Ligand SMILES: Nc1ncnc2c1ncn2[C@@H]1O[C@H](COP(=O)(O)OP(=O)(O)OP(=O)(O)O)[C@@H](O)[C@H]1O
Ligand SMILES: [Mg+2]
């Protein structure tokens, strides 16, 4: 794009300087961290996502829910390109995701991800798990990386476990380490894929508490979860997916008290009756 | 070790029925062989009279005594702590093995006379050939394993052709092919380099499969976590996948190393002065073949024991992240 052209700029047109920007840069200025437009994805002949439109703005907390196999994981894994979409456009932090991109690392640096099964690196201590990415990707000196790692381990309240190996921790502790590991890259947005669903009930609370703390500090979050209490307390928007489509989205209060669609009502009645 | 229960189980060899069946089995096995004509029969002379004339009585007595000693030994060992059991069992088996060797009636002075040369020339060459091959083979194996796992058709083609060819041809043929075949192409190659080349290529092909299975045994969640942290392919392989694959890879690699150590004797056909070649050369002219071959075998064994010790060290190092 060429820089601002004088002929374009007429006095009183406040958006004139916007025209010099690429659409991606404009998106960042508008506060859009993730923008999915008409996204579709196939696994072979099976259509996993159908015409998804979703915008995540800075500071927003979004909860995605829906029945098993509805494509929730698939969708958020598209946001850091762990999966490829075939149609539509996904823009993350101003960068368009596509097959031939050479700067996928620039996207992933800014998008933290927490998995259902923690996926910590079992051959490294908790501290090393947290220091790895800042040192290897950002080229941070070891001293500084250690400081940051300890800071975030403190934040998830397990600094005393720093020198243990992941296998020596409980599930809840491991998941909190996984959160700290992602935070150490100081990402613009955090993606959570059912972070509590492989945990025992008493550990769910400690992980949710950590996540609530993050939300309170203004972290942009996209959470796939079935913890409706968390959604009610934290989410700005709840999104309901079924069969690869976004069926309904809304503020938590409206979503839970007056869902518009029959399928949402059915899902909520099932999940809340437990 | 298998995963240990926290409750001590009853000592197996102190259960009466186990001892009884052990006794019965040993008795039956030794009854099947007539040992009256051997050293054992000679030792039993005070009890059974002339061993050769003792007939079934002598045969039964010998088997009975052996069975009693065996069971007594095992039951007593059952009381000892693990470390001591290990030591005693090794010692006993070693003594039996040495007794077996002694029965060949080898000329010890001849062995002592030639042993120093066998070590300084033979063992050193063997170690040097197999150590070089080992390093090259491991490098080839890592590269070929990654090529075989890659989505690059060119790399996959080369790697799979390579493993197929070098696992399929007999090692002896490969050694001849390289030593005699390369000069046909106009490149003359010495005996030692061609031996090392053949060993590296052959064992590299086997190790490729070991590395590949090791890498594949790592959960794909590790790849996904690495990717989500912006690690590239090289970084993920080097720092995340290979370090986790190594503990899986090491026991079969130990097998490969020991097997390669002994297969290095095949380069003796090229006239390289390694252990097997020298053992033949020294033993043949004086008809002391058995002496030299026995010494060479022991030498191979000692070298593999060293490998085993190194292997157990490495395994212990990698076990540190598995503690709970
Ligand atoms: N690698 C794959 N190959 C083929 N089909 C897949 C693959 N991964 C997912 N699917 C299919 O895509 C659909 C969406 O899967 P996804 O994992 O996104 O569901 P989900 O909403 O996360 O479900 P859950 O709540 O069980 O995690 C499912 O029907 C699944 O069978
Ligand atoms: Mg899922």
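Chains as they are written, first to last, in the numbering used here: chain A, 3 to 276; chain B, 11 to 334.
Glycine included, every Cβ here is placed at the ideal spot set by N, Cα and C.
Please read all numbers here as calculations on a predicted model, not as lab measurements.
Notebook entry, point to check: Would you report the Cα separation of residue 174/B and residue 138/B, rounded to the nearest angstrom?
Noted result: 27 Å
Notebook entry, point to check: Residues of chain A with CB under 9 Å from residue 241/B, in chain order?
Noted result: 107, 110, 134, 135, 138, 139
Next item on the list: Please list the partners that residue 245/B has in chain A, where partner means a Cβ-to-Cβ separation under 7 Å.
Entry: 138
Check: Since residue 238/B meets chain A, which of its residues come closer than 7 Å, beta carbon to beta carbon?
Finding: Within chain A, the residues placing a beta-carbon under 7 Å from that of residue 238/B are 82, 84, 110, 115, ordered along the chain.
Next item on the list: Find the nearest neighbour of residue 114/B within the set 303/B, 311/B, 327/B, judged by alpha-carbon distance.
Entry: 303/B
Item checked: Partner residues on chain A for residue 231/B, Cβ-Cβ distance less than 7 Å -> 117, 119, 121
Next item on the list: Under 8 Å Cβ to Cβ from residue 23/B, same chain only, skipping five residues before and after it: list those, please.
Entry: 29, 32, 84, 85, 87, 88
Next item on the list: Answer yes or no: the CB of residue 194/A versus the heavy atoms of ligand 1, is any distance below 8 Å?
Entry: no
Checklist line | Boundaries of the beta strand (DSSP E) in which residue 45/A is found, first to last residue | finding: Here the beta strand (DSSP E) through residue 45/A covers 34-45.
Item checked: One or two residues paired with residue 250/A in a DSSP bridge -> 242/A
Next item on the list: Given a cut-off of 9 Å, decide if residue 144/B and residue 66/B are closer than it, judged by their beta-carbon atoms.
Entry: no
Notebook entry, point to check: Which residues, in chain order, does the region 173-188 of chain A contribute to contact with chain B at a C-beta distance below 7 Å?
Noted result: 187
Notebook entry, point to check: If you check the beta carbons only, do residue 246/A and residue 57/A fall under 9 Å apart?
Noted result: no
Item checked: Nearest neighbour of residue 257/B, chosen from 154/A, 125/A, 138/A [CA to CA] -> 125/A
Next item on the list: Out of 262/A, 38/A, 61/A, state which residue places its alpha-carbon closest to the alpha-carbon of residue 217/A.
Entry: 61/A
Check: Does ligand 1 have a heavy atom nearer than 8 Å to the CB of residue 46/A?
Finding: yes
Next item on the list: Provide the residue span of the alpha helix (DSSP H) that contains residue 299/B, from first to last.
Entry: 299-328
Check: What is the DSSP secondary structure of residue 89/A, counted as helix, strand or coil?
Finding: In the structure shown, residue 89/A adopts extended strand secondary structure according to DSSP, grouped into three states.
Checklist line | Within 8 Å of chain A by C-beta, residues of the region 251-263 of chain B in sequence order | finding: 253, 254
Check: Along chain A, in chain order, which residues have C-beta atoms closer than 9 Å to that of residue 235/B?
Finding: 115, 117, 120, 121, 122, 123, 180, 183
Notebook entry, point to check: At which residues does the alpha helix (DSSP H) containing residue 79/A begin and terminate?
Noted result: Element bounds for residue 79/A: 74-81.
Item checked: Where the beta strand (DSSP E) through residue 53/A begins and ends -> 48-59
Margin query: Check this for me: beta carbons of residue 38/A and residue 110/A, under 9 Å apart or not?
Written below: Judged by beta-carbon spacing, residue 110/A lies beyond the 9 Å limit of residue 38/A, meaning their Cβ atoms are not closer than that value.
Check: Using 8 Å as the threshold, is the region 74-90 of chain A in touch with the region 38-47 of chain A, meaning 3 or more CB pairs across them?
Finding: yes
Margin query: Is there a Cβ of chain A sitting closer than 9 Å to that of residue 330/B, yes or no?
Written below: yes
Checklist line | residue 10/A classed as buried or exposed, judged by whether at least 16 other C-beta atoms fall within 10 angstroms | finding: Bear in mind that the predicted position of residue 10/A carries a pLDDT of just 40, short of 50, making it unreliable; the figure below should be weighed with that in mind. Label assigned to residue 10/A: exposed.
Margin query: When you compare the CB of residue 301/A with every CB in chain B, is at least one pair closer than 9 Å?
Written below: Lying outside 3 to 276, the shown extent of chain A, residue 301/A is not represented and no answer is given.
Check: In whole angstroms, what is the alpha-carbon distance linking residue 120/A and residue 211/B?
Finding: 40 Å
Check: CA-CA distance, residue 260/B and residue 247/B?
Finding: So the alpha carbons of these two residues sit roughly 17 Å apart.
Margin query: At the 9 Å Cβ level, is residue 249/B part of the contact set with chain A, yes or no?
Written below: yes
Next item on the list: Let me know if residue 102/A comes out buried or exposed under the rule of 16 or more other beta-carbons within 10 Å of its beta-carbon.
Entry: exposed
Check: In this structure, what does DSSP give as the bridge partners for residue 223/A?
Finding: Within the DSSP bridge table, the entry for residue 223/A names 63/A, 192/A as partners.
Checklist line | Spatial distance of residue 284/B from residue 100/B (CA atoms) | finding: 29 Å
Next item on the list: Please determine, among 173/A, 64/A, 133/A, the residue with the shortest C-alpha to C-alpha distance to residue 242/A.
Entry: For the options 173/A, 64/A, 133/A, the alpha carbon positioned closest to that of residue 242/A is the one of 64/A.
Notebook entry, point to check: For residue 15/A, which residues from the same chain have a beta carbon less than 7 Å from its beta carbon, with the 5 sequence-adjacent residues on both sides left out?
Noted result: Any reading at residue 15/A must be qualified, since the residue scores a pLDDT of 42, below 50, and its modelled position is unreliable; the value itself is stated next. The answer is none, since no qualifying residue turns up.
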